[in-house]
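Trainee: This is the structure I have questions about; it appears just below.
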């Protein structure tokens, strides 16, 4: 549900807090200067240089998901001042964020330059999923090999509603470096990093540990 007054940036919740905390005038200055209904030339150039983006989506019930995508500069393609697109690949097969898009098209994107200008760009809009062949028919100039020979399963196509700056004050500085080959010797596999290895997990389910008795028994 969109609770934003027609033609005005900012949600009703934002304005309620601004009034309560006495920041309405400062917020109005930010809205007037920074919140754009389209991608300016500078924003389009910025997106074209970025190699990563953070994503936010929510399903029809408001349950949220965050995501991260990365690729060579330009993997998020600016189609025009109101439209962005990027490819999606098979991944783990869950499709959490894109599943949300099917229920609720609202998507937030955050691009951050950690290495040079230490600045970020928020882009909010309405997303839809488009098949690879269909997207390339309409936009034949899309990159062909942004994931080393992998074929996109779908494209996320975002219609921009607003775009605005993320200030540099708390953006850390990161130095680009070649990615080391292989994994650290003590590093678990991705699938085991935050949960027990599958075999151990199955064993623990088959033979659950005995309950701990209260002291005195």
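Residue numbers (this note's numbering): -1 to 215. Every residue gets a Cβ at the ideal spot worked out from N, C-alpha and C, and that includes glycine. Predicted model only: the values in this text are computed from it and were never measured.
Assign residue 87 to one of three DSSP states: helix, strand, or coil.
Mentor: Here the question's residue 87 lines up with position 89 in the chain shown. Here residue 87 sits in coil by DSSP.
Trainee: Since residue 163 contacts residue 119 with CB under 8 Å, what's their CB separation in whole angstroms?
Mentor: Here the question's residue 163 lines up with position 165 in the chain shown. Here the question's residue 119 lines up with position 121 in the chain shown. Confirmed, about 7 Å.
Trainee: With H, G and I counted as helix, E and B as strand and the rest as coil, what does DSSP make of residue 37?
Mentor: In the chain shown, counting from the first residue as 1, residue 37 sits at position 39. Coil at residue 37, not helix or strand.
Trainee: Residue 83 and residue 173 - do their beta-carbons sit closer together than 8 Å?
Mentor: Mapped onto the chain shown, residue 173 falls at position 175. Mapped onto the chain shown, residue 83 falls at position 85. Contact: no.
Trainee: Where does residue 135 sit, in a helix, a strand or coil, going by DSSP?
Mentor: Against the chain shown, residue 135 aligns to sequence position 137. It is helical.
Trainee: From the DSSP output, in three-state form, read off residue 21 for me.
Mentor: Residue mapping note: residue 21 aligns to position 23 of the chain shown, counting from 1. In the structure shown, residue 21 sits in coil (DSSP, three-state: anything other than H, G, I, E or B).
Trainee: So, with DSSP's three-state summary, where would you put residue 27?
Mentor: Residue 27 sits at position 29 when you count from the first residue of the chain shown. Helix, per DSSP.
Trainee: Looking only at C-alpha atoms, which of 48, 134 and 161 sits nearest to residue 28?
Mentor: Residue mapping note: residue 28 aligns to position 30 of the chain shown, counting from 1. Closest option to residue 28, Cα to Cα, is 161.
Trainee: Residues in its own chain within less than 8 Å of residue 81 by CB, not counting five upstream and five downstream?
Mentor: Here residue 81 refers to the residue found at position 83 of the chain shown. Answer for residue 81: 155, 156, 157 and 158, listed in chain order.
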